[in-house]
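Q: Quick note: the sequence shown uses the numbering used here, first residue 6, plus one each step.
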Amino acid sequence: MTAPAWVIRGGRVVDPASGHDGVADVLVRDGRIAAVGEVGDAAGTERFDATGLVVAPGLIDVHVHLREPGGEAKETIATGTAAAAAGGFTAVCCMPNTAPALDSVDALRDLAERVRRDGRVRVYPIAAITRERRGVEPVAFAALAAAGAVGFSDDGDTTANSAIMRRALAASRELDLPVMVHCEDKALAAGAMHEGAISRSLGLPGIPAEAEEIVIARDLMLARLTGGRLHVCHVSTGRGIALIRQAKAEGVRVTAEVMPHHLVMSDRWVAGDRTLHNTDDPAGNPARPADPETKVNPPLRSVEDTRLLLAALQDGAFDLVATDHAPHAVADKAGKPFAAAAFGLNGSETALPLMLALVRAGHVSLPDVIRWLTIEPAKLLRSPLGTLSPGAPADVMVFDPQERWVLTPETMRSKSKNTPLLGMTLLGRVRLTVVEGKERYRA
Ligand SMILES: [Zn+2]
Numbered sequence: 006m007t008a009p010a011w012v013i014r015g016g017r018v019v020d021p022a023s024g025h026d027g028v029a030d031v032l033v034r035d036g037r038i039a040a041v042g043e044v045g046d047a048a049g050t051e052r053f054d055a056t057g058l059v060v061a062p063g064l065i066d067v068h069v070h071l072r073e074p075g076g077e078a079k080e081t082i083a084t085g086t087a088a089a090a091a092g093g094f095t096a097v098c099c100m101p102n103t104a105p106a107l108d109s110v111d112a113l114r115d116l117a118e119r120v121r122r123d124g125r126v127r128v129y130p131i132a133a134i135t136r137e138r139r140g141v142e143p144v145a146f147a148a149l150a151a152a153g154a155v156g157f158s159d160d161g162d163t164t165a166n167s168a169i170m171r172r173a174l175a176a177s178r179e180l181d182l183p184v185m186v187h188c189e190d191k192a193l194a195a196g197a198m199h200e201g202a203i204s205r206s207l208g209l210p211g212i213p214a215e216a217e218e219i220v221i222a223r224d225l226m227l228a229r230l231t232g233g234r235l236h237v238c239h240v241s242t243g244r245g246i247a248l249i250r251q252a253k254a255e256g257v258r259v260t261a262e263v264m265p266h267h268l269v270m271s272d273r274w275v276a277g278d279r280t281l282h283n284t285d286d287p288a289g290n291p292a293r294p295a296d297p298e299t300k301v302n303p304p305l306r307s308v309e310d311t312r313l314l315l316a317a318l319q320d321g322a323f324d325l326v327a328t329d330h331a332p333h334a335v336a337d338k339a340g341k342p343f344a345a346a347a348f349g350l351n352g353s354e355t356a357l358p359l360m361l362a363l364v365r366a367g368h369v370s371l372p373d374v375i376r377w378l379t380i381e382p383a384k385l386l387r388s389p390l391g392t393l394s395p396g397a398p399a400d401v402m403v404f405d406p407q408e409r410w411v412l413t414p415e416t417m418r419s420k421s422k423n424t425p426l427l428g429m430t431l432l433g434r435v436r437l438t439v440v441e442g443k444e445r446y447r448a
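1) Restricting to Cα atoms, I'd like to know which of L437, G396, K420 is closest to P406.
2) Could you tell me the distance, in whole angstroms, from the CA atom of D190 to the CA atom of L393?
3) Assuming G433 is part of the beta strand (DSSP E), what are its boundary residues?
4) Which whole-angstrom value describes the C-beta separation of L363 and T284, a residue pair presumed to lie in contact below a C-beta threshold of 8 Å?
5) Given this structure, state the Cα-to-Cα distance separating S158 from T242, to the nearest angstrom.
6) Does DSSP classify P358 as helix, strand or coil?
7) How many angstroms separate the CA atom of L431 from the CA atom of L359?
8) Mind checking if P210 is an interface residue toward chain B, Cβ cutoff 8 Å exclusive?
9) Under 8 Å, do L149 and L113 count as touching if we go by C-beta distance?
10) Let me know if V440 comes out buried or exposed under the rule of 16 or more other beta-carbons within 10 Å of its beta-carbon.
11) CB L1 to CB L225, shorter than 8 Å?
12) With 16 other CB atoms within 10 Å as the buried threshold, where does R234 fall?
13) For L281, tell me which candidate among V275, M270, E43 has the shortest Cα-Cα distance.
14) Who sits around ligand 1, taking every residue whose Cβ is closer than 7 Å to one of its heavy atoms?
15) Drop a sphere of 10 angstroms on the beta-carbon of L313, count the other beta-carbons inside from all chains shown, and report buried for 16 or more, exposed for fewer.
16) Throw me the rounded Cβ distance for the V69 and H330 pair, which I believe falls under 8 Å.
17) Taking the alpha-carbon positions, what's the V259 to R172 distance?
18) Check the DSSP bridge columns for H239 and list the partner residues they point to.
19) Exposed or buried, N290, counting other C-beta atoms within 10 Å across all chains shown (16 or more means buried)?
20) Kindly identify the DSSP beta-bridge partner or partners of K443.
21) So, for L459: in the same chain, excluding its five sequence neighbours on each side, which residues have a beta-carbon less than 6 Å away from its beta-carbon?
22) Tell me the DSSP bridge mates of W410?
23) Taking 8 Å as the threshold, find out whether the segment 194-205 comes into contact with the segment 332-339 through three or more Cβ pairs.
24) Going by the beta-carbon positions, is the gap between G85 and L71 smaller than 8 Å?
25) Label V141 either buried or exposed according to how many other C-beta atoms from any shown protein chain fall within 10 Å of its C-beta, with 16 as the threshold for buried.
26) Report the option in L357, G396, N423, K422 whose CA atom is closest to the CA atom of R434.
27) Would you identify the three-state DSSP class for R127, choosing helix, strand or coil?
28) Within 10 angstroms of its Cβ, does E56 collect 16 or more other Cβ (buried), or is it exposed?
29) For G57, name the three-state secondary structure that DSSP assigns.
30) Counting Cβ pairs closer than 8 Å, one from the segment 384-403 and one from the segment 20-35, do we hit at least three?
31) Could you have a look at M185 and say whether DSSP puts it in helix, strand or coil?
32) For a minimum of 4 consecutive residues, which ranges assigned as the alpha helix (DSSP H) are wholly contained in the segment 247-304?
33) Please report the straight-line C-alpha distance between A347 and R121, rounded to a whole angstrom.
34) Buried or exposed for P297, going by 16 or more other Cβ atoms inside 10 Å?
35) Is I375 closer than 8 Å to A61 when the C-beta atoms are compared?
36) For the beta strand (DSSP E) that V69 lies in, which residues bound it at each end?
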């Protein structure tokens, strides 16, 4: 079946890659962008009235956990990619901490087969750095790259062995693929939340910022040594991104991502506060302290860290925004005491509204938010996606920046509902998601 032709009419088309920002129609034909401008009424085209809405390239999330194979109680490729489409994402990169891990050509082939069957959006696999993600034996980097891996990561676990990290970065230079690092000194990070006054008052074991920063510093040094492509995942501390900013200035090949939750939530959320920092949005109702839904790794840091991360996003120290969508079943979260609960927030369906809150507060521009979620991740992946330029694959999303809605378990397409934003009013909602010319979500 060929994809239908579409005219998405009259929206504010924001395409940072081409610099376009203005009211226009978008014509889609044969799965590609055919034209952006004033498009006549072509016969046989499906119409979508985008008057008053924003039309953008499909968002790209370089950091999600789809859980399949092995974690289907939390998420599947079907539900995880449906959640992505509902969040405006048309492409996601899935992390390899599945069971089995994505550490072999066979595992990548099996994943591709599952994605062909169940995927609602494009899925690009990130392969493990080490076999079974145990940090001991490096994977066959070149073979995995040839089998479709778009990067390497032992996300969830830091590759503690510096010699192995050196080899991974050397391979990344040869293959021109990023090594995407989760920076955490495990021994130092043996806690449940950010270490500070709040962890002490709640009596919860702390994770000091230094546990993250120490490993960022090491990986920057190894990137310098090897000339490899380092991508630092989910930077959560002000000093962590300062190290990256400095390394960039010195010519180290490093990129970095920030998560929406680290920009607007702090360790105060663990204490029950539901204020979205750096925004003018109304706070949610205070919640019980030590709600496991606020437990994430790296943890929600201090309010000062949220400010420093936002400043780093504004000044270009961060390259892009990703979600670290980390679904967990109720039994792993709300059903457990904080210290024993799983780390991770559900993120695909709330990323855009959280970023739009920063736009409304005047801290960042709408075109920049779209840039951090489209062309910048596309650059990381060396992908032709992330733009509405004629000829590009027709991955398009349309959203209403003004629509107010309440996040509830029923609104969520993800199989898991683990987010402290449940019950809060969000502003900005995806209305249409199109992948290669095919409708994947409509609200
Ligand atoms: Zn991680």
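The C-beta atom is built at its ideal place from N, Cα and C for all residues, glycine as well.
A: Here's the rundown:
1) Nearest of L437, G396, K420 to P406, Cα basis: L437.
2) Going by the C-alpha atoms only, they are around 41 Å apart.
3) For G433, the uninterrupted beta strand (DSSP E) segment begins and ends at 430-440.
4) The C-beta distance from L363 to T284 rounds to 6 Å, short enough to fall under 8 Å.
5) Their Cα atoms are separated by approximately 20 Å.
6) Here P358 sits in helix by DSSP.
7) L431 and L359 have their alpha carbons spaced roughly 8 Å apart.
8) Among the chains in the structure shown there is no chain B, since it carries only a single protein chain.
9) For L149 and L113, yes; Cβs fall inside 8 Å.
10) Taking all protein chains in view, the Cβ of V440 is crowded by 16 or more other Cβ atoms within 10 Å, so the residue is classified as buried.
11) An answer regarding residue 1 cannot be provided, because it is not within the stretch 6 to 448 covered by the chain.
12) Here R234 is buried. Its C-beta has 16 or more other C-beta atoms within 10 Å.
13) With distances taken between Cα atoms, L281 lies closest to M270.
14) Every residue whose beta carbon comes nearer than 7 Å to a heavy atom of ligand 1 appears here in chain order: D160, G161, H187, C238, H239, N302, D329.
15) L313 sits buried, since 16 or more C-beta atoms from the chains shown fall within 10 Å of its C-beta.
16) Contact flag correct, Cβ pair sits at about 4 Å.
17) For the pair V259 and R172, the Cα-to-Cα distance works out to about 16 Å.
18) H239 pairs with nothing; no bridge assigned.
19) Burial call: exposed.
20) Note: K443 sits in a beta bridge opposite V440.
21) Lying outside 6 to 448, the shown extent of the chain, residue 459 is not represented and no answer is given.
22) Answer is L431, bridged to W410.
23) These segments do not touch.
24) Cβ distance < 8 Å, so G85 and L71 count as in contact.
25) Classification for V141: exposed.
26) L357 is the residue among L357, G396, N423, K422 whose C-alpha sits nearest the C-alpha of R434.
27) Residue state, collapsed to three classes: strand.
28) A small fix is needed here, since residue 56 is Thr in this sequence, not Glu. With fewer than 16 other Cβ atoms within 10 Å, it is exposed.
29) Under the three-state reduction of DSSP output, G57 falls in the coil class, being neither helix nor strand.
30) Yes, they touch.
31) In this structure, M185 counts as strand in the three-state DSSP scheme.
32) Those alpha helix (DSSP H) runs which fall completely within the segment 247-304 and span 4+ residues are 265-269.
33) Between A347 and R121, the C-alpha separation is close to 30 Å.
34) That one is buried.
35) Yes, they are a contact pair.
36) Residues 64-69.
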